Amino acid sequence: MLSKEIRKHFPILDQEINGHPLVYLDSAATSQKPQQVIDALNDYYKFDNANVHRGVHTLGNRATDHYEGAREKVRKFINAKSTQEIIFMRGTTTALNTVAQSYGRANVGEGDEIVITHMEHHSNIIPWQQLAKEKGAVLKYVDLEDDGTILLDKVREAVTDRTKIVSIMYVSNVLGTMNPIKEITEIAHAHGAVMVVDGAQAAPHLKLDVQDLDCDFLAFSGHKMCGPTGIGVLYGKKELLNNMEPVEFGGEMIDFVGLYESTWKELPWKFEGGTPIIAGAIGLGAAIDFLEEIGLDQIERHEHQLAAIAMEKMSAIEGLTIYGPKDPGARAGIVTFNLGNVHPHDVATVLDMNGIAVRAGHHCAQPLMKRLECSATARASFYVYNTEEDVDRLVEGLRIAKEYFE
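Counting along the sequence shown from 1, when you hit position 350 you're at 350 in UniProt numbering, and nothing is skipped either side.
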């Protein structure tokens, strides 16, 4: 398990909430930020603040070097072939919408199919719903097993020669399920479809290799992996991105503008219209440095251990239901649950009174809630700064909540 010393890098954790030391178990919503990321943002605004690519002065050159340096860090982080395949965007939602609006509109026609699953986050459902309505395409769902996993045989049944896009999350933000993306990609490619991966819950916790996965697009957000809010990444294979049209137009992304026609810059900048998210990219680069110093394999192992401990101890609470795979090794550091008939918001409120932050609600996954036959759940999600003591505090808080509502 990771050293408890890692907590000292996160200043926000050194506080009390409602008279209790803070236990933060909501990293699947957003992670906390280490001091070196905070310092990187502060240093940019304090010493290097300028627009990028446009000026010849020293500040502009320094800002550009930091911004493009962050792109190279992202490239290495996911093992992309080229920085031309790394597009900075506001987050996973923007990235997935860009794929739907640019690649989807150009390549999906009437009667074509888009395949997703019941476990998807709304940001990986609604863009495809809208595209299917616009194009007269068919949106198909791969159903889940009762343990929250998907069977490859059901993927094979859903994907046909009419399928143009398969879009699936790598890790479920509710169930913690780790999907077999490499194998699903092979199925998609066998039918000529492209593979889109929602990596929002994978990038912070797993070592990613887009060349090994062979996915065509991958989207993830900085704020879930110790980086700032408002920055994310769209990875796409160069040959696909080259043939796609931008969806935002304006400054920065143009090559030449005439009165009636314009041309675009080369990759990656043709997709980054306007002043880019400079500070966010620099902060994301610092977050990558932080995570790689710890090691993604170590982080994944740490979270598996915490999830296993949490599941064992929580299962001893009468009336508590845990959703998702029963094997902690088959899930990320996410434990989603309900405590009898107590509403998750009430459970989360009692936990907050005891200094414990968890998420309660539908987690932007209403179709999954329907599949689970509940309207909402509570969710504890673990990250690098969590400890076994945090798990014990959670279990203690749940026992208090159970006693309170009995």
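For every residue, glycine included, the Cβ atom is placed at its ideal position computed from N, Cα and C.
These figures come from a predicted structure and were not determined experimentally.
Check                                                                                                                                                                                          : Outcome
Quick one: what does DSSP say proline 268 is sitting in, helix, strand or coil?                                                                                                                : coil
Given a threshold of 16 other Cβ atoms within 10 Å of its Cβ, counted over all protein chains shown, does aspartate 216 qualify as buried or as exposed?                                       : buried
Have a look at lysine 81 and glutamine 211 and give me their C-alpha separation to the nearest angstrom.                                                                                       : 8 angstroms
Whole angstroms is fine: what's the gap from aspartate 112's alpha carbon to glycine 136's?                                                                                                    : 8 angstroms
Rounded to whole angstroms, how far is the Cβ of lysine 207 from the Cβ of proline 246, which I believe are closer than 8 angstroms?                                                           : That pair is no contact at about 31 angstroms.
Using DSSP bridges, identify the partner residues of methionine 178.                                                                                                                           : Val171
Could you tell me the boundaries of the beta strand (DSSP E) in which isoleucine 126 lies?                                                                                                     : Unbroken run through isoleucine 126 is the alpha helix (DSSP H), 126-135; no beta strand (DSSP E).
Using the Cα positions of arginine 71 and isoleucine 309, report the straight-line distance between them to the nearest angstrom.                                                              : 37 angstroms
Distance, Cα to Cα, alanine 251 vs threonine 275?                                                                                                                                              : For clarity, residue 251 is glycine in the given sequence; the question names alanine instead. Going from the Cα of glycine 251 to the Cα of threonine 275 covers about 8 angstroms.
Look at isoleucine 150 and valine 138 and say whether their C-beta atoms are less than 7 angstroms apart.                                                                                      : no
From this set, Thr58, Glu157, His118, which residue's C-alpha is nearest valine 171's C-alpha?                                                                                                 : His118
How would you call phenylalanine 88, buried or exposed, if buried means at least 16 neighbouring beta carbons within 10 angstroms?                                                             : buried
Given a threshold of 16 other Cβ atoms within 10 Å of its Cβ, counted over all protein chains shown, does arginine 359 qualify as buried or as exposed?                                        : buried
Around the C-beta of tyrosine 45, are 16 or more other C-beta atoms found within 10 angstroms, so that it is buried, or is it exposed?                                                         : exposed
Is the beta carbon of glycine 283 less than 7 angstroms from the beta carbon of leucine 41?                                                                                                    : yes
Please state whether the Cβ-Cβ distance between proline 328 and histidine 304 is less than 7 angstroms.                                                                                        : yes
Classify threonine 275 as helix, strand or coil using the three-state DSSP reduction.                                                                                                          : coil
Using the Cβ count rule (16 or more neighbours within 10 Å means buried), how would you classify glutamine 15?                                                                                 : exposed
Where glutamate 293 and tyrosine 260 are concerned, what is the direct C-alpha to C-alpha distance, given to the nearest angstrom?                                                             : 50 angstroms
According to DSSP, what are the bridge partners of serine 123?                                                                                                                                 : None, per the DSSP bridge assignment.
Keeping to the same chain, check which residues put their C-beta closer than 7 angstroms to that of aspartate 26; ignore five residues upstream and five downstream.                           : Ala357, Val358, Arg359, Ser381
List, from N- to C-terminal side, the alpha helix (DSSP H) runs of 4 residues or more that fit wholly inside the segment 279-323.                                                              : 296-314
Under a three-way DSSP split, which group does glutamate 16 fall into?                                                                                                                         : strand
Determine which residues share a DSSP beta bridge with tyrosine 235 and list them.                                                                                                             : Ile86, Leu218
Arginine 359 by DSSP, collapsed to three states: which one?                                                                                                                                    : strand
Just to confirm the assignment: which complete alpha helix (DSSP H) runs, minimum length 4, are found wholly within the segment 56-117?                                                        : 58-78, 92-98
Might you give, ordered along the chain, the residues of its own chain that have their beta carbon closer than 7 angstroms to the beta carbon of lysine 4, omitting 5 neighbours on each side? : Thr387
What span of residues does the beta strand (DSSP E) with isoleucine 150 cover, start to end?                                                                                                   : No beta strand (DSSP E) holds isoleucine 150; DSSP gives it neither H nor E.
Going by DSSP, what residue range makes up the alpha helix (DSSP H) through valine 37?                                                                                                         : 35-43
Tell me which same chain residues have a C-beta within less than 7 angstroms of the C-beta of glutamine 32, skipping the five on either side of it?                                            : Phe10, Ile12, Leu13, Tyr24, Tyr385
Suppose the cutoff is 7 angstroms on Cβ atoms and the five residues either side in sequence are ignored; what does the same chain contact list for glutamate 300 look like?                    : His205, Leu206
Taking the alpha-carbon of aspartate 392 as reference, which of Met314, Thr377, Ile278, Val335 has the nearest alpha-carbon?                                                                   : Met314
Would you mind sorting serine 262 into buried or exposed? The rule is 16 or more other CB atoms within 10 Å of its CB.                                                                         : exposed
Note down, in chain order, each residue of its chain lying with its Cβ closer than 7 angstroms to the Cβ of leucine 368, except the 5 sequence neighbours on either side.                      : His118, Met119, Val174
State whether the segment 342-357 contacts the segment 191-200, with contact taken as three or more CB pairs (one from each stretch) at a distance under 8 angstroms.                          : no
Nearest-angstrom Cα distance between glutamate 157 and threonine 163?                                                                                                                          : 11 angstroms
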